[in-house]
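S.K.:
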Amino acid sequence: HVTSLLHRISTEEYGVRLKPTLSFDERGHLKNHTEYFVLGCDGSGAAPKAFLPTADHVIGEGGDFEFPRGLTGASAAAGVPAGCSFEGVEAAGGLIFEKVVLKPVETCEYIIFIGAREEDDEFNGADAIMKRLGSTEKLGPALEANERFWLEKANAGLCRENRRNYMLWVSVEPVLRRIFGCSFLPYHDYGKGGRGWRDLWQDCLALRLGDPSQVRDLLINNFAGVRADGTNATIIGSKPGEFIADRNGIARVWMDHGVWPWITMRLYIELSGDEAVMDTEQTYFKDRLCMRAKAADEEYDASKNADTMLKDGSGDIYRGSVLEHILMMHITTACETGEHGNMLLRGADWNDALDMAPEKGESVAFTAAYAGNLKTLAEFIAKRGGKVSILKELAELTDGLYAICEEQKRGLAKEADTPEMTVGYSARKRGILEGYCRKVRHTVSGEKTGIDAKELAGKLEIIADSIMEHIRRNERLSDGEYTWFNGYYDNEGQPVESIEDGRVMLTGAVFTIMSGTATDEDIRRMIPV
């Protein structure tokens, strides 16, 4: 009823238009600029003779929506002509055409358009739509073009042999999500339906097969959402590369977000050979959140930072290579470890249901995934050779993490890695991370450090090796016949999976195998053949 009070309804030559005065959600009430419409014509382009613009017109006296008397029998409404308006009532989109008597095998066609438009969208105005599509003759070619478009999307990236029709959805679904967000799926509801961080990268994977011409720019645009502390923007705009500053106090960090950009970039490079994309420079995202979203930047002034871009000490926009962005997400997350030596879960990883362990939760599964990424990133850097130029503060953090991991790896080799030592290593990693985050809290120096590619690759290799060996030593589960890996720690610091409790989840196995953390023997014991 409250929503209906805002309705402003009008009838026009070809249909019914609804424009509420206000739109409102959890953010508050805003002036509405969106119109909703139902238009129609017959096959020759003739307009309806009258309209049923409100629920009362459709239901009629004594009727309801199951038996609308306004549409049936002697009590059917005559409707209202074009040029009428109504306020504060429930809207409907009924169209009444002239009666037609059809002889055997004769047909009559009607065309109905249902849609929404912004008030300044002339292309989708009623007159423009009817001019383009308002008859069978005009609509036919448009329908054929539409069918060709979607068949092309559905066929993208799939082999032509032994195709199954149900597999066509796999190609179409990412395209629909790019257009509509997520909420168009009847079994999904991501709030308002906007895409999330993971969707940006998954969509690029799909486009690499279906529409590769625009993938490079999209990939580069996506990196503009990375913060200097290695976290990322979570409010994604409608334009490519548009990220919106946090305004609602939701400072949630999904610890897996740093994994997906390199997985996507690596596949793109392998398929395209475009290694130079990693040298392309991009800006960083800056809003009030800092210290890996654990604090607010008191110096941040939204009115002076409308572009949401990170600046250096001189006030100039700072840019770093795509490689630097990827390193930043991996090195910072690798430093944010818990008492068991694995990366902290924070708000959640890709399993949003595991979101109740913000203090002591750890994701072993994605710790393995990050380690696997560091391995392949090291291989890429070593293969390219030359010099790698990265932000001075990030270079210092990388050196600090490398020193700790090298010491930890030596201890693991000597089997001298005790729980107390693990706690100590984690505390040191978090300590250097905190120091780094303080340096980049408001601005960055803008200074770059040149590092020999093979030297940097060697350091990343050591970091990855120490993480993987730690997981093998401390998270492997076995009943003597089969082997698994514990995937998580809860907010009490207790392992979520164990042989004794009989609970083992799939994620811990998937990412230890995919990352190379699980040995060949582990895999044989996890997947008996």
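According to the working numbering, the sequence shown is numbered sequentially starting from 1332.
Built from N, CA and C at the ideal position, the CB exists for glycine as well.
Note that the structure is predicted; figures quoted are calculated from it, not measured.
(1) On the premise that residue 1422 lies in contact with residue 1365, defined as a C-beta separation below 8 Å, what is that separation, rounded to the nearest angstrom?
(2) Cβ atoms of residue 1760 and residue 1621: under 7 Å apart, would you say?
(3) Please report the Cβ distance between residue 1660 and residue 1589, rounded to the nearest whole angstrom; I am assuming they are in contact, meaning their Cβ atoms lie under 8 Å.
(4) Hey, residue 1533 and residue 1505 are a contact pair by Cβ (cut 8 Å); roughly how many whole angstroms apart?
(5) Suppose only complete runs of 4+ residues qualify. What are the alpha helix (DSSP H) ranges in the region 1579-1660, listed by chain order?
(6) Starting from the C-beta of residue 1465, find all residues in its chain whose C-beta is less than 6 Å away, skip the five residues before and the five after it, and write them out in chain order.
(7) Keeping to the same chain, check which residues put their C-beta closer than 6 Å to that of residue 1849; ignore five residues upstream and five downstream.
(8) Looking only at its chain, what residues have a beta carbon closer than 6 Å to the beta carbon of residue 1516, apart from the 5 residues adjacent to it on each side?
(9) Rounded to whole angstroms, what's the CA-CA distance from residue 1596 to residue 1808? Just pull it up for me.
(10) Rounded to whole angstroms, what is the Cα-Cα separation between residue 1574 and residue 1461?
(11) Consult DSSP for residue 1815 and reduce its assignment to one of helix, strand or coil.
(12) Put residue 1563 into one of helix, strand or coil per three-state DSSP.
(13) Who are the Cβ neighbours of residue 1304 in its own chain at under 7 Å, not counting the five residues just before and after it?
(14) Among the residues of its own chain, which have a CB less than 8 Å from the CB of residue 1449, if the five just before and after it don't count?
(15) Let's test the definition: count the other Cβ atoms within 10 Å of the Cβ of residue 1592 and tell me whether it reaches 16, buried, or not, exposed.
(16) Of the choices 1688, 1527, 1712, whose alpha-carbon is the least far from that of residue 1600?
(17) Hey, could you find the ends of the alpha helix (DSSP H) residue 1667 is sitting in?
(18) Apply the 10 Å Cβ neighbour rule to residue 1853 and answer buried if 16 or more other Cβ atoms are within range, or exposed otherwise.
(19) What does the Cβ neighbour count give for residue 1317, buried or exposed, with the cut at 16 atoms within 10 Å?
(20) If you draw a straight line from the C-alpha of residue 1583 to the C-alpha of residue 1698, how long is it?
(21) From what residue to what residue does the beta strand (DSSP E) around residue 1458 run?
(22) Taking the alpha-carbon positions, what's the residue 1404 to residue 1417 distance?
(23) If you run the structure through DSSP and keep just helix, strand and coil, what is residue 1337?
(24) Could you please give me the residues that DSSP links to residue 1485 through a beta bridge?
(25) At the level of alpha carbons, what is the spacing between residue 1744 and residue 1824?
(26) Residue 1631 to residue 1411, Cα distance in whole Å?
(27) Quick check: what's the CA-CA separation for residue 1830 versus residue 1805?
(28) Would you check if the distance between the CB atom of residue 1653 and the CB atom of residue 1724 is smaller than 7 Å?
(29) Take residue 1636 and list the residues in its own chain whose beta-carbon comes closer than 7 Å to its own, dropping the five residues that flank it on each side.
(30) If we count the other Cβ atoms within 10 Å of its Cβ and call it buried at 16 or more, is residue 1435 buried or exposed?
(31) How long is the line joining the alpha carbons of residue 1677 and residue 1572, rounded to whole angstroms?
(32) On the premise that residue 1624 lies in contact with residue 1562, defined as a C-beta separation below 8 Å, what is that separation, rounded to the nearest angstrom?
(33) For the alpha helix (DSSP H) holding residue 1761, just list the boundary residues, first then last.
(34) The alpha helix (DSSP H) spanning residue 1420 covers which residue range?
(35) Which one or two residues does DSSP pair with residue 1535 in a beta bridge?
(36) Check whether the Cβ atoms of residue 1614 and residue 1709 lie closer than 7 Å to each other.
M.R.: A quick look at the data gives this:
(1) Locating residue 1365 in the sequence shown gives position 34, counting from the first residue. Locating residue 1422 in the sequence shown gives position 91, counting from the first residue. In fact, because the Cβ distance is near 13 Å, the residues do not count as touching under 8 Å.
(2) One-based indexing of the sequence shown puts residue 1621 at position 290. One-based indexing of the sequence shown puts residue 1760 at position 429. Taking 7 Å as the Cβ cut-off, residue 1621 and residue 1760 do not qualify as a contacting pair.
(3) Within the sequence shown, residue 1660 is the residue found at index 329, counting from 1. Within the sequence shown, residue 1589 is the residue found at index 258, counting from 1. That pair is a contact at about 3 Å.
(4) Looking up residue 1533 in the sequence shown gives position 202. Looking up residue 1505 in the sequence shown gives position 174. That pair is a contact at about 7 Å.
(5) 1590-1603
(6) Here residue 1465 refers to the residue found at position 134 when the sequence shown is read from its first residue. These residues qualify, in order along the chain: 1372, 1376.
(7) Stepping through the sequence shown from its first residue, residue 1849 is reached at position 518. 1843.
(8) Along the sequence shown, one-based indexing puts residue 1516 at 185. Residue confidence for residue 1516 is low, a pLDDT of 47 falling below 50, so the modelled location carries little weight and cannot support an answer.
(9) Numbered from 1 along the sequence shown, position 265 holds the residue referred to as residue 1596. Numbered from 1 along the sequence shown, position 477 holds the residue referred to as residue 1808. Distance between the alpha carbons of residue 1596 and residue 1808: 33 Å.
(10) Numbered from its first residue, the sequence shown carries residue 1574 at position 243. Numbered from its first residue, the sequence shown carries residue 1461 at position 130. Distance between the alpha carbons of residue 1574 and residue 1461 is about 36 Å.
(11) Reading the sequence shown from its first residue, position 484 is the one you call residue 1815. Note: residue 1815 maps to strand in three-state DSSP.
(12) The residue you call residue 1563 lines up with position 232 of the sequence shown. In the structure shown, residue 1563 sits in a strand (DSSP, three-state: E or B).
(13) Outside the modelled stretch of the chain, which goes from 1332 to 1860, sits residue 1304, for which no answer is possible.
(14) The residue labelled residue 1449 in the question sits at position 118 within the sequence shown. Cβ neighbours of residue 1449 beyond the five flanking positions: 1364, 1365, 1366.
(15) On the sequence shown, residue 1592 is found 261 positions in, with the first residue counted as 1. Residue 1592 comes out buried.
(16) Start at 1 with the first residue of the sequence shown, and residue 1600 comes out as number 269. Nearest C-alpha to residue 1600: 1712.
(17) Counted from its first residue, the sequence shown places residue 1667 at position 336. It is not in any alpha helix (DSSP H) - residue 1667 carries neither H nor E in the DSSP assignment.
(18) Indexing the sequence shown from 1 puts residue 1853 at position 522. Counting Cβ neighbours within 10 Å, residue 1853 comes out buried, since at least 16 surround it.
(19) This structure cannot speak to residue 1317, because the chain is shown only from 1332 to 1860.
(20) By one-based count along the sequence shown, residue 1583 stands at place 252. By one-based count along the sequence shown, residue 1698 stands at place 367. So the two alpha carbons sit approximately 19 Å from each other.
(21) To locate residue 1458, count along the sequence shown from 1; it is residue 127. Taken as a continuous stretch (DSSP letters only), residue 1458 belongs to no beta strand (DSSP E), being part of the alpha helix (DSSP H) at 1457-1464.
(22) Your numbering for residue 1404 matches position 73 in the sequence shown. Your numbering for residue 1417 matches position 86 in the sequence shown. Answer to the nearest angstrom: the Cα atoms are 25 Å apart.
(23) Taking the first residue of the sequence shown as position 1, residue 1337 is located at position 6. Coil, per DSSP.
(24) Taking the first residue of the sequence shown as 1, we reach residue 1485 at position 154. None, per the DSSP bridge assignment.
(25) Here residue 1744 corresponds to residue number 413 of the sequence shown, with the count starting at 1. Here residue 1824 corresponds to residue number 493 of the sequence shown, with the count starting at 1. One C-alpha to the other measures close to 26 Å.
(26) Within the sequence shown, residue 1631 is the residue found at index 300, counting from 1. Within the sequence shown, residue 1411 is the residue found at index 80, counting from 1. Using only the alpha carbons, I get a separation of about 57 Å.
(27) For the purposes of this step, residue 1830 is identified with residue 499 of the sequence shown, where counting begins at 1. For the purposes of this step, residue 1805 is identified with residue 474 of the sequence shown, where counting begins at 1. Straight-line Cα distance between these residues: approximately 14 Å.
(28) The sequence position of residue 1653 within the sequence shown is 322, counting from 1. The sequence position of residue 1724 within the sequence shown is 393, counting from 1. Not closer than 7 Å, so no.
(29) Counting from one through the sequence shown, the residue named residue 1636 turns up at place 305. So the qualifying residues of the chain are 1617.
(30) For the purposes of this step, residue 1435 is taken as residue 104 along the sequence shown, with counting starting at 1. It is exposed - the Cβ of residue 1435 has fewer than 16 other Cβ atoms within 10 Å.
(31) Residue numbering aside, residue 1677 sits at position 346 when the sequence shown is read from its first letter. Residue numbering aside, residue 1572 sits at position 241 when the sequence shown is read from its first letter. For residue 1677 and residue 1572, the distance between alpha carbons rounds to 25 Å.
(32) Counted from its first residue, the sequence shown places residue 1562 at position 231. Counted from its first residue, the sequence shown places residue 1624 at position 293. Yes, they are in contact, since the Cβ atoms of residue 1562 and residue 1624 sit about 5 Å apart, within 8 Å.
(33) As a working mapping, residue 1761 is identified with position 430 in the sequence shown. 1750-1770 is the extent of the alpha helix (DSSP H) around residue 1761.
(34) On the sequence shown, position 89 is the one that residue 1420 refers to. Careful: residue 1420 lies outside any alpha helix (DSSP H) and carries neither H nor E.
(35) For this step, residue 1535 is matched to residue 204 along the sequence shown. In DSSP, residue 1535 forms no bridge with anything.
(36) In the sequence shown, the residue the question calls residue 1614 occupies position 283. In the sequence shown, the residue the question calls residue 1709 occupies position 378. No, the pair does not count as a contact, with Cβ atoms beyond the cut-off.
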